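If you read the sequence shown in full-length UniProt numbering, its first letter stands for residue 1, the second for the next number, and so on.
Just below is one structure, and these are the notes that go with it.
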Amino acid sequence: MLKPEVSDQVGNLQDVANRIRKEPRLVQTMDVSLLLQEAVGRWRQYADLLEASEEVPVAAWIVRRKVEGLVRPDEPAPEPIAFDPASRASWPSRAAEMLQLQQIRAGRFVPRAGQPPVWTRPAPVKDANVWKLVWSFPRLRPRREVSVALVERKTASLRDHMQFWETRLNQQQRIVFEDEMGDLPRREWAGYFLAVVHLWHQQSVRIIQTKAFDHLILEQPVK
């Protein structure tokens, strides 16, 4: 227990907390109630309780450590596990024997009760080898891979699309974008649409669309 004369020397709660951190077992033999009485008596002399704001959390921490030491006993140290060198040396051999036994059991074929055996091991063929077996079955013969010739498709450039629209507008003063696309895949519409945007930016074509998502009508600009 913490004696009164000793408590005068450790009146600073922060010093007591530091000692407990270094020696956790010290809190089990410390008279925390006497320490708190002295601290509370000192706090009552303060004109403003804010002066004790730094000591109150430290006191609460000391009380909590005291309660934990009383409620939760020390855990016993784990007993060292003793290994027998003789048993450790024989363990791999026993494991290998068990694996070999399992392999033998897995290779056996046991027919069901009341049913004739459906599998029998064929007799070995004289002068048989792997290559003769492969060439005796046509399906096992390696097939020659047919080389695939990749045909490179020539893609039209932006200039080609612009010339297409200029030619069509010279032939016909008013055309519909969707009608000109015809059966072209949708992925190829982007190049033609980009050409229309470039021509419109150059003021070489006039675009008419009465409402959203309606057909695009292309006309030659009025000069």
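From the three backbone atoms N, C-alpha and C, an ideal C-beta is built for every residue, glycine too.
Source: prediction; values computed, not measured.
If you draw a straight line from the C-alpha of Leu184 to the C-alpha of Arg168, how long is it? Position 184 of the sequence shown, counting from 1, holds the residue named residue 184. Position 168 of the sequence shown, counting from 1, holds the residue named residue 168. One C-alpha to the other measures close to 17 Å.
If you reduce the DSSP assignment to three classes, tell me which class Glu54 lands in. In the sequence shown, the residue the question calls residue 54 occupies position 54. Glu54 falls in the coil class under three-state DSSP.
Measuring alpha carbon to alpha carbon, tell me which residue in Met181, Lys211, Gln173, Arg174 is nearest His161. Position 161 of the sequence shown, counted from the first residue, corresponds to residue 161. Ranking the options by Cα distance to His161, first place goes to Met181.
Spatially closest choice to Arg21 from Arg94, Ala128, Arg64, His215, by CA coordinates: For this step, residue 21 is matched to residue 21 along the sequence shown. Measuring from the Cα of Arg21, the nearest candidate turns out to be Arg64.
The alpha helix (DSSP H) with Arg44 in it runs from where to where? By 1-based counting over the sequence shown, the position of residue 44 is 44. Note, Arg44: alpha helix (DSSP H), 32 to 44.
Using the C-alpha atoms, what's the distance from Phe193 back to Phe164? Counting from one through the sequence shown, the residue named residue 164 turns up at place 164. Counting from one through the sequence shown, the residue named residue 193 turns up at place 193. One C-alpha to the other measures close to 12 Å.
Sub-9 Å separation of Ser204 and Glu166 beta-carbons: Your numbering for residue 204 matches position 204 in the sequence shown. Your numbering for residue 166 matches position 166 in the sequence shown. Yes, they are a contact pair.
What are the partner residues of Leu218, as DSSP defines its beta bridges? To locate residue 218, count along the sequence shown from 1; it is residue 218. Looking at the DSSP assignment, Leu218 forms a beta bridge with Ile175, Ile207.
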